[in-house]
Amino acid sequence: MSDGAPDRGELWYEVATDVLLNRWCSSYDEARRTLAACGGYLVPYRRHFAVVEREYVRILGLDPDHPAWRKIGHDLARPADPAAYAELERARLAVVEGKQDGAQR
């Protein structure tokens, strides 16, 4: 039964990002090592993780330069600052809900 909330496993995903070259990882530890070595943004997707570039974040409808990214350590899977994560999550939910509203018209 669904309560209408978006699947958190896909909250940080948009079909339009499929054209980007992202670094996919099967474990969180691998993703953290990749983030440390390459920079970017660590995003969860279902049971996997991707380390993505700025354009991915833009496609999500978010600002890649927002101060909250630094506060969470550029890590959406295990954010260092829960309040900063909540700020990014609210912004992303607003984007997702806006798309759903537009599709229902």
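Heads up: the sequence shown begins at 304 in my numbering, then just goes up one per residue.
Note that CB positions come from ideal geometry on N, CA and C, so glycine has one too.
No experiment lies behind these values; they were computed from the predicted model shown.
Environment of residue i [buried if 16+ CB atoms lie within 10 Å]
i	result
Gly-342	exposed
Val-354	buried
Val-346	buried
Contacts around residue i, its chain only, beta-carbon distance under 7 angstroms, and the 5 residues preceding and following it disregarded
i	result
Ala-387	Ala-371, Lys-374 and Ile-375
Ser-305	Bear in mind that a pLDDT of 43 at Ser-305, under 50, signals an unreliable position, so the number given afterwards is only what the model happens to contain. Excluding sequence neighbours, Ser-305 sits near nothing in its chain.
Contact under 7 angstroms by Cβ, residue i with residue j
i	j	result
Phe-267	Ala-383	Outside the displayed range of the chain (304 to 408) lies residue 267, so it cannot be described from this structure.
Ala-334	Leu-365	no
One or two residues paired with residue i in a DSSP bridge
i	result
Tyr-344	Val-355
Trp-327	Ala-353
Close-in-space but distant-in-sequence residues of the same chain around residue i (CB under 8 angstroms, 5 per side omitted)
i	result
Trp-315	Val-346, Pro-347, Tyr-348, Leu-363, Leu-379 and Arg-395
Q: Jot down the residue ranges of each uninterrupted alpha helix (DSSP H) in the segment 346-381, minimum 4 residues, whole runs only, in chain order.
A: With a minimum length of 4 residues, the continuous alpha helix (DSSP H) runs that stay inside the segment 346-381 are 357-362 and 370-374.
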